[in-house]
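Working notes, structure below.
So this is what it looks like as structure tokens:
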């Protein structure tokens, strides 16, 4: 179990090093980000759903370039939501797909021993499913 935890922390460290942002890139995009945030606030006050969606997309792309994926996902999903509210649901599909692409999902699987009170059949796994596919019809 200790080795599994060491491996998990090593993988976590490597992932965090991969996603460290470049400081010069962050500074270059910070002015554009501030401008887009002001526009987003303006359009929210006005209630222009299409414009909120489009500006949210721009903000998401800035965060995406900075490799700040958590914020990018938030704004990609917001873009899809407001474009749908504005009557253009097909415009936001690509943004929700991008959000799903960059969404991180880390799972840890640990093998455990299972005690059975019966013998297993031929090819029967201890746990899970053994799938078999058979061709039907003429070959």
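In my numbering, the protein residues as written are 40 to 178. Backbone N, C-alpha and C fix where the C-beta goes; we use that ideal spot for every residue, glycine too.
Asked, Found
"If you run the structure through DSSP and keep just helix, strand and coil, what is residue 152?", "coil"
"Taking C-beta to C-beta, are residue 131 and residue 89 nearer than 8 angstroms?", "no"
"Would residue 162 and residue 141 qualify as a contact pair, given that the criterion is a beta-carbon distance under 8 angstroms?", "no"
"Is there contact between the stretch 147 to 161 and the stretch 103 to 119, where contact requires at least three CB pairs shorter than 8 angstroms?", "no"
"Using only CA atoms, which one of 73, 119 and 128 lies nearest to residue 138?", "119"
"Measuring CA to CA, which of 145, 75, 164 and 85 is closest to residue 96?", "75"
"By DSSP, does residue 160 sit in helix, in strand, or in coil?", "coil"
"Would you report the Cα separation of residue 80 and residue 144, rounded to the nearest angstrom?", "31 angstroms"
"Where residue 111 and residue 69 are concerned, what is the direct C-alpha to C-alpha distance, given to the nearest angstrom?", "14 angstroms"
"Compute the Euclidean distance between the alpha carbons of residue 123 and residue 91, then round it to the nearest angstrom.", "11 angstroms"
"Here's the rule: buried if 16 or more other CB atoms are within 10 angstroms of the residue's CB, otherwise exposed. What is residue 155?", "exposed"
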